[in-house]
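J.: Pasting in a structure now, in structure tokens, and then I'll have a few things to ask.
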Amino acid sequence: MRWERFPAFLPLVLKSKLTYRVAGLALRYLGGRMSPYQLAAVKGVMSELGDAYSGRKPVIFTSAFVPTEIVYGLGAVPYLPEMWSGFAAAFGVSVRGIDESEAKGYSQDLCSFHRCHLGLEELSLLPKPSAIIVSSHLCDGGRRSLYAHSVSTGCPFYVVDVPYLMTDSSVRWLSCQVERICEDISRRVPGLSLDGMARAIENSNRARKIYLDVCQLRRNKPAPWSGSEALNYVFAFLSGWGSEWLVDFYANLGKTLKQRIEQSNYPVPQERLRLLWLNLKPYYGSPLFQYLAQWGVSVAFEEYSYVYWPEMHERRWAEGVATKMLSNFGWGPIERRLDAVWNMVNDYGVDGVVQFDQWGCRQSNGGARVLADFLREKGIPFLELDGDGVDPRNSSVAQALTRLQAFIEVMDARG
Numbered sequence: 001m002r003w004e005r006f007p008a009f010l011p012l013v014l015k016s017k018l019t020y021r022v023a024g025l026a027l028r029y030l031g032g033r034m035s036p037y038q039l040a041a042v043k044g045v046m047s048e049l050g051d052a053y054s055g056r057k058p059v060i061f062t063s064a065f066v067p068t069e070i071v072y073g074l075g076a077v078p079y080l081p082e083m084w085s086g087f088a089a090a091f092g093v094s095v096r097g098i099d100e101s102e103a104k105g106y107s108q109d110l111c112s113f114h115r116c117h118l119g120l121e122e123l124s125l126l127p128k129p130s131a132i133i134v135s136s137h138l139c140d141g142g143r144r145s146l147y148a149h150s151v152s153t154g155c156p157f158y159v160v161d162v163p164y165l166m167t168d169s170s171v172r173w174l175s176c177q178v179e180r181i182c183e184d185i186s187r188r189v190p191g192l193s194l195d196g197m198a199r200a201i202e203n204s205n206r207a208r209k210i211y212l213d214v215c216q217l218r219r220n221k222p223a224p225w226s227g228s229e230a231l232n233y234v235f236a237f238l239s240g241w242g243s244e245w246l247v248d249f250y251a252n253l254g255k256t257l258k259q260r261i262e263q264s265n266y267p268v269p270q271e272r273l274r275l276l277w278l279n280l281k282p283y284y285g286s287p288l289f290q291y292l293a294q295w296g297v298s299v300a301f302e303e304y305s306y307v308y309w310p311e312m313h314e315r316r317w318a319e320g321v322a323t324k325m326l327s328n329f330g331w332g333p334i335e336r337r338l339d340a341v342w343n344m345v346n347d348y349g350v351d352g353v354v355q356f357d358q359w360g361c362r363q364s365n366g367g368a369r370v371l372a373d374f375l376r377e378k379g380i381p382f383l384e385l386d387g388d389g390v391d392p393r394n395s396s397v398a399q400a401l402t403r404l405q406a407f408i409e410v411m412d413a414r415g
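Numbering of the sequence shown is given in the numbering used here, commencing with residue 1 and proceeding in unit increments.
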């Protein structure tokens with residue numbers, strides 16, 4: 001199928017209730033071919049897509065680091081446009097989305113994840129938001145691009161101003177902001193209320209507890225879960241907190257990993273080396289992870305899979321959400337990220353660290369030199385791998401494979 005025709009009918013497909021009925025029936029017959037955790041994720045996502053595109057529930061767009069507990073607690077569907085740029089890349093639609101946004105005048109130095117979802121809106125491939133919530137920390141491109149969605153759709157736009165340092169006063173100040181924003185949304189958007197906040201926090205805490213057991217299983221050598229697949233499910237880690245389906249997803253994932261360990265059924269059976277992967281990955285077809293596996297290299301863990309926040313109190317939900325935002329190790333002094341990365345290096349017994357330098361991702365790429373110096377002082381090889389997560393035209397596969405080969409040789413020489 002020529003992809004130029006794709007958007008002509010895809011908006012109708014996405015907004016049709018029949019689409020999700022058919023998808024539900026298909027899952028009954030095809031679900032047996034999936035692992036239980038994969039099925040839990042697909043069911044959860046399809047249910048939310050149906051609610052979002054059919055208008056059954058209000059949709060709230062958020063930037064990547066806004067805790068989705070507040071969206072589920074309000075009774076809305078969370079929608080992270082940049083996350084769906086990754087899905088667009090997987091389905092071959094991202095290039096058209098990027099071209100559409102650039103034709104509208106968006107600069108090429110803006111992160112391609114944001115350019116893509118801005119273009120997807122031009123193609124009528126996004127649901128209509130009832131409100132948009134962004135945070136001031138980490139991703140400044142997300143704030144500005146989501147503001148453009150607010151202007152085009154006419155929905156309320158909220159910025160959560162996150163203090164730079166974690167202190168008692170900053171937690172109080174931020175929790176007041178979170179509470180006021182949620183109260184205002186509940187007044188302005190029909191069908192939403194604060195009644196579900198305690199339940200959303202309860203779901204989040206349950207998922208967190210189960211997920212910590214999953215992380216413990218991932219310390220096993222060889223690695224029981226492919227890092228490439230784990231990065232495919234980063235959408236769950238970013239947008240599922242507060243939902244019931246995330247609890248099922250992690251519970252089934254834990255059972256699957258335990259079975260793999262018991263049966264010695266590993267993605268890379270002859271594992272020689274283990275990597276920690278920082279930032280995201282290419283979401284279009286890319287041979288990087290297959291190449292690593294051929295050389296006996298596992299991606300044992302990923303920066304985006306790291307739990308950095310404490311359990312939250314169900315009644316003091318705004319305080320818990322504020323603490324979660326302030327606990328993000330990518331925010332504040334660079335030493336916070338260094339400490340988190342070093343903990344992951346030790347917890348997962350890695351031999352090297354790869355940072356995927358996504359085009360335009362300032363909050364990750366900006367600290368790369370400091371991080372490289374820090375790790376090399378501790379004897380851990382570090383590789384910056386330039387690339388683009390959603391635009392295959394902006395990545396050189398041959399160059400990336402050459403650099404990975406050289407990096408493997410460095411780790412081998414280290415012994």
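Backbone N, C-alpha and C fix where the C-beta goes; we use that ideal spot for every residue, glycine too.
This one's a predicted model, so the numbers in the text were calculated from it and none came from an experiment.
Is there contact between the region 347 to 361 and the region 105 to 115, where contact requires at least three CB pairs shorter than 8 Å?
T.: yes
J.: Return the first residue and the last residue of the beta strand (DSSP E) that Ile-60 is part of.
T.: 59 to 62
J.: Please say whether Val-134 and Gly-141 have beta carbons closer to each other than 8 Å?
T.: A distance of 8 Å or more separates the beta carbons of Gly-141 and Val-134.
J.: With Trp-277 as the anchor, note down where its beta strand (DSSP E) starts and where it stops.
T.: 273 to 278
J.: Are the beta-carbon atoms belonging to Asp-51 and Val-13 less than 8 Å from one another?
T.: Not in contact: Asp-51 and Val-13 (Cβ atoms no closer than 8 Å).
J.: Ordered along the chain, which non-local residues of its own chain (more than five positions away) have a Cβ less than 8 Å from that of Glu-202?
T.: Glu-314
J.: Since Val-59 and Pro-129 are thought to touch, with beta carbons under 8 Å apart, how far apart are those beta carbons, to the nearest angstrom?
T.: 5 Å
J.: Among Asp-391, Trp-241, Ser-85, Val-151, which one has its Cα closest to the Cα of Leu-125?
T.: Ser-85
J.: Which residue comes first and which comes last in the alpha helix (DSSP H) that contains Gln-177?
T.: 168 to 188
J.: Would you kindly check if the distance between the Cβ of Pro-222 and the Cβ of Ser-298 is under 8 Å?
T.: yes
J.: Rounded to whole angstroms, what is the Cα-Cα separation between Arg-206 and Trp-241?
T.: C-alpha separation (whole angstroms): 10 Å.
J.: Fully enclosed by the region 307 to 374, which alpha helix (DSSP H) runs are 4 residues long or longer?
T.: 317 to 326, 334 to 347, 362 to 365
J.: For Gln-270, which of Trp-295, Glu-335, Asn-252, Gln-290 has the nearest alpha-carbon?
T.: In terms of Cα proximity to Gln-270, the closest of Trp-295, Glu-335, Asn-252, Gln-290 is Trp-295.
J.: Specify the secondary structure class of Leu-231 as computed by DSSP and reduced to three states.
T.: helix
J.: Can you tell me which residues form a DSSP beta bridge with Pro-78?
T.: Ile-60
J.: Taking all protein chains shown into account, decide if Ser-175 is buried (16 or more other Cβ within 10 angstroms of its Cβ) or exposed.
T.: buried
J.: Between which two residues does the beta strand (DSSP E) harbouring Gly-387 extend?
T.: 382 to 387
J.: My understanding is that Asn-279 touches Ser-364, with C-beta atoms under 8 Å, so please give their C-beta distance in whole angstroms.
T.: 5 Å
J.: Tell me the rounded alpha-carbon separation between Ala-398 and Tyr-284.
T.: Computed Cα separation, rounded: 15 Å.
J.: For the region 246 to 262 against the region 38 to 57, are there 3 or more C-beta pairs whose distance is under 8 Å?
T.: yes
J.: Within 8 Å, do at least three Cβ pairs link the region 261 to 276 to the region 213 to 228?
T.: yes
J.: Among Met-325, Gln-405, Asp-184, which residue has its Cα nearest to the Cα of Gln-290?
T.: Gln-405
J.: My guess is that Ala-340 and Gln-355 are in contact by the Cβ rule of under 8 Å, so how many angstroms apart are they, rounded?
T.: Actually they are not in contact, since the Cβ atoms of Ala-340 and Gln-355 sit about 13 Å apart, beyond 8 Å.
J.: What does DSSP give as the partner residues of Val-159 in its beta bridges?
T.: Val-134
J.: Looking at the strands, I want to know which residues DSSP matches up with Phe-301.
T.: Leu-276
J.: In this structure, how does DSSP classify Asp-195 when only helix, strand and coil are distinguished?
T.: In the structure shown, Asp-195 sits in coil (DSSP, three-state: anything other than H, G, I, E or B).
J.: Should Phe-61 go down as buried or exposed, given a rule of 16 or more other Cβ atoms within 10 Å for buried?
T.: buried
J.: Count the C-beta pairs between the region 310 to 327 and the region 341 to 355 that are closer than 8 Å, then say yes if the count reaches three, no if not.
T.: no
J.: Secondary structure at Tyr-250, three-state DSSP: helix, strand or coil?
T.: Here Tyr-250 sits in helix by DSSP.
J.: Under DSSP, the alpha helix (DSSP H) around Asp-99 begins and ends at which residues?
T.: 94 to 103
J.: Between Glu-335 and chain B, is there a C-beta pair that is closer than 8 Å?
T.: Absent from the structure is chain B; it holds one protein chain and no more.
J.: Within 10 Å of its beta-carbon, does Arg-2 have 16 or more other beta-carbons around it, so buried, or fewer, so exposed?
T.: Model confidence at Arg-2 stands at a pLDDT of 40, short of 50, so the residue's coordinates are unreliable; what they give is reported in the following sentence. Its Cβ having fewer than 16 others within 10 Å, Arg-2 is exposed.
J.: Can you give the Cα-Cα distance for Pro-11 and Lys-57, rounded to whole angstroms?
T.: 18 Å
J.: According to DSSP, is Trp-3 part of a helix, a strand, or is it coil?
T.: Reliability fails at Trp-3, whose pLDDT of 48 lies under 50, so the model's placement of it is uncertain and the value that follows must be treated cautiously. Reduced to three states, the DSSP call for Trp-3 is helix.
J.: Report the three-state DSSP secondary structure of Asn-265 (helix, strand or coil).
T.: coil
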